[in-house]
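Engineer: Using mature numbering (1 follows the signal peptide of the UniProt record, and there is no 0), the letters of the sequence shown map in sequence onto residues -15 to -1, 1 to 171.
Below are the structure tokens for one structure; questions will follow.
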Amino acid sequence: MKWLLLITLVALSECAIVKVPLVRKKSLRKTLLDHGLLGDFLKKHSPNPASKYFPQEAPVMATQPLENYMDMEYFGTIGIGTPPQEFTVIFDTGSSNLWVPSVYCSSPACSNHKRFNPQQSSTYESTSQTVSIAYGTGSMTGILGYDTVQVGGISDTNQIFGLSETEPGSFLYYAPFDGILGLAYP
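The structure is reproduced here in structure tokens:
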């Protein structure tokens, strides 16, 4: 019995909790601003990350106004289709899919938001593919389609996106956005 107690104590001592303290540091932007160097830095370093891979003599840049929601989410307006149907979407760095509610959705969450109508777009192309996405706070299921998507003055033709058919739960019902534009690499 004593050996069992000794082995248990040794095993527990090996399971010590390791804590890594997190330290909040001043951002590079704030540091440069405080030292009066931000303007010069931005002149020398393009704020467009694509310029590293696609250098151009005349910089091409589009702006997309974003709204800060409770310091948790940023959302803005995009257009889908021809003519564009406008949607407020969250710009999500943790996912890689674009989806919006559709006229095929009868969930309460969809009825509380704008819904994409493929019949009102002359450039919409349907597929036979389905989509199902689960987030920490909600989920959606639907179909995939292709259409023109406009973000910040840039248009992308034949962009695949999800048209939700179900959005269960209450989170998306109360969400201040219609859909999600994932910015992560798939």
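Just so you know, even glycine gets a beta-carbon here, dropped at the ideal spot from N, CA and C.
Spatial neighbours of L166 within its chain, please: C-beta separation below 8 Å, excluding the five flanking residues on both sides.
Structural biologist: As a first step, residue 166 is located in the sequence shown; it is residue number 181 there, counting from the start. So the list reads I63, V74, I75, F76, D77, L83, V136, once near-sequence residues are dropped.
Engineer: Does the distance from the CB of S87 to the CB of F101 come in under 8 Å?
Structural biologist: Numbered from 1 along the sequence shown, position 102 holds the residue referred to as residue 87. Numbered from 1 along the sequence shown, position 116 holds the residue referred to as residue 101. It is a contact, given that the beta carbons lie within the stated cut-off.
Engineer: Would you tell me roughly how many angstroms separate the C-alpha atoms of L168 and N97, rounded to the nearest one?
Structural biologist: The residue you call residue 168 lines up with position 183 of the sequence shown. The residue you call residue 97 lines up with position 112 of the sequence shown. L168 and N97: Cα-Cα distance of roughly 25 Å.
Engineer: Under three-state DSSP, which class holds V5?
Structural biologist: Mapped onto the sequence shown, residue 5 falls at position 20. Summary for V5: the model assigns pLDDT 45, below 50, so the residue's position carries little reliability; its value from the coordinates is reported in the next sentence. Coil.
Engineer: What's the C-alpha gap between S124 and H20?
Structural biologist: Against the sequence shown, residue 124 aligns to sequence position 139. Against the sequence shown, residue 20 aligns to sequence position 35. Rounded to the nearest angstrom, the two C-alpha atoms are 45 Å apart.
Engineer: If distances are taken between C-alpha atoms only, which option among P103, S107, S91 comes closest to T126?
Structural biologist: For the purposes of this step, residue 126 is taken as the residue at position 141 of the sequence shown. Looking at the Cα atoms, S91 is the closest of the given residues.
Engineer: What is the rounded straight-line gap between the Cα of S142 and the Cα of F60?
Structural biologist: As a working mapping, residue 142 is identified with position 157 in the sequence shown. As a working mapping, residue 60 is identified with position 75 in the sequence shown. Note that residue 142 is Thr in the sequence shown here, rather than Ser. Between T142 and F60, the C-alpha separation is close to 22 Å.
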